[in-house]
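In what follows, a structure is listed as structure tokens, so that the remarks can point back to it.
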Amino acid sequence: MVIDTHTHAAQGWNEADVREHFQATGVAKVLLSAAPMDFWGSDLNEGCARLIELFPDKAVGLIGIHPPQIDQSLRDIDQYHRKGFIGVKLMPTTGYYPDDERYRKVFEEVNARRMIVLSHCGWCAPGLNRPDLPQCTLYSHPYHLEPLIRIFPETDFIMAHGGGRTTFQEAFELVQYHENAWLDTCPGHGTWILQNAGAWLNVLNWSRVLFGTDTCYGRRGSFANFKKVEEFVRLCLPYAGFPQHVEAVMGVNGARLLKKHGVLLP
Ligand SMILES: [Zn+2]
Numbered sequence: 029m030v031i032d033t034h035t036h037a038a039q040g041w042n043e044a045d046v047r048e049h050f051q052a053t054g055v056a057k058v059l060l061s062a063a064p065m066d067f068w069g070s071d072l073n074e075g076c077a078r079l080i081e082l083f084p085d086k087a088v089g090l091i092g093i094h095p096p097q098i099d100q101s102l103r104d105i106d107q108y109h110r111k112g113f114i115g116v117k118l119m120p121t122t123g124y125y126p127d128d129e130r131y132r133k134v135f136e137e138v139n140a141r142r143m144i145v146l147s148h149c150g151w152c153a154p155g156l157n158r159p160d161l162p163q164c165t166l167y168s169h170p171y172h173l174e175p176l177i178r179i180f181p182e183t184d185f186i187m188a189h190g191g192g193r194t195t196f197q198e199a200f201e202l203v204q205y206h207e208n209a210w211l212d213t214c215p216g217h218g219t220w221i222l223q224n225a226g227a228w229l230n231v232l233n234w235s236r237v238l239f240g241t242d243t244c245y246g247r248r249g250s251f252a253n254f255k256k257v258e259e260f261v262r263l264c265l266p267y268a269g270f271p272q273h274v275e276a277v278m279g280v281n282g283a284r285l286l287k288k289h290g291v292l293l294p
């Protein structure tokens, strides 16, 4: 069973394309992250909610929030948690540190609802529509999630893209020591790290590595992301010396996480 814990929907997606895309990937379930703002060409909360209504057996939602907008974040958490979304998606590279105490009440709310936090880690890809934001890779450093990981041990935190190419060691450390810390395999950094992390792969706790692809459902060409990561995990992981972890990464770990959050699986 393949579970993809890091996906998006294209703005302007249509049902036929998304259906075809789901058939092509053949996934059992995806975590669908809404974009926290109109920035990357991927769809926002309302569009993701519509997609999930059409494909309830395939997709489960993560609410896109921008914690510096505290009241808006709290409203969105309430509105979309009621609709069945099971976590939040953060993009700290848009100019905030997640552990900034000014935004703590947002994470208290997330924790009270036992939701998942999926946070972008690594390189800050320039956004499309908001050059005014103070964008920087440093905001997404995994150690800016560590205080939250420690304060809220019941909340599961996923560090995307393997923790980021220049900061993956910190993510590996957090996954090693904290049962609520996870990372995903999303390209480009995630797959790069699995190929190049060398001895660091020996300290990685593979039971909390999730198959994530950043596939954007409804966007032409995005299937390549899915194929790239799937082929990497299935073919290259054994060559790197970790054949025993392939099935765990492809879906067993994701299934454990989703079941914990009440998601029914086939
Ligand atoms: Zn993503």
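Using my numbering, the first residue of the sequence shown is number 29, and each one after it goes up by one. Where is the CB? At the ideal position from N, CA and C, for every residue including glycine. Just so we're clear, the structure is a prediction, and the values are computed from it rather than from any experiment.
Classify residue i as helix, strand or coil using the three-state DSSP reduction.
i	result
Met278	helix
Asp184	strand
His109	helix
Gly192	coil
Thr241	coil
Ile80	helix
Ser250	coil
Val46	helix
Trp234	helix
Leu211	strand
Leu12	Nothing can be reported for residue 12: it is not among the residues displayed for the chain, which extend from 29 to 294.
Gly92	strand
Phe270	coil
Pro170	helix
His206	coil
Met220	Residue identity check: residue 220 is Trp in the sequence provided, not Met. Helix, per DSSP.
Asp128	coil
Cys149	coil
Gly295	Residue 295 lies beyond the stretch modelled for the chain, which goes from 29 to 294, so this question has no answer here.
Leu102	helix
Gly226	helix
Going along the chain, which residues of its own chain have a beta-carbon closer than 8 angstroms to the beta-carbon of residue i, five neighbours each way excluded?
i	result
Thr213	Gly190, Thr219, Leu222, Val237, Leu238, Phe239, Gly240, Thr241, Val257, Phe260, Val261 and Val277
Asp104	Asn73, Ile91, Gly92 and Ile93
Glu43	Leu82
Cys264	Leu222 and Gln223
Val231	Phe200, Glu201 and Gln204
With DSSP as the reference, identify every bridge partner of residue i, one or two as the case may be.
i	result
Thr35	Leu60 and Thr243
Ile144	Gly115 and Asp184
Ser70	Ala38
Ala87	Val58
Residues in the same chain with beta-carbon distance under 7 angstroms from residue i, minus the five sequence neighbours each way, listed in chain order, please.
i	result
Phe135	Leu176 and Phe180
Ser70	His36, Ala37, Ala38, Gln39, Ala63 and Cys244
Measure how close the beta-carbons of residue i and residue j come, nearest whole angstrom, since I'm counting them as under 8 angstroms.
i	j	result
Gly282	Ile31	3 angstroms
Ala37	Leu60	6 angstroms
Ile98	Ala87	Actually they are not in contact, since the Cβ atoms of Ile98 and Ala87 sit about 28 angstroms apart, beyond 8 angstroms.
Thr121	Val145	Contact flag wrong, Cβ pair sits at about 15 angstroms.
By Cβ distance, which residues of its chain are closer than 6 angstroms to residue i, with the 5 residues on each side in sequence left out?
i	result
Tyr108	Asn73 and Ile91
Pro162	Gly123
Would you say residue i faces chain B, with C-beta separation under 8 angstroms as the test?
i	result
Glu129	Included in the structure is just one protein chain, with no chain B present.
* May I have all residues whose beta carbon comes closer than 7 angstroms to any heavy atom of ligand 1, sorted in chain order? => His34, His36, Ser61, His148, Ala188, Cys214 and Asp242
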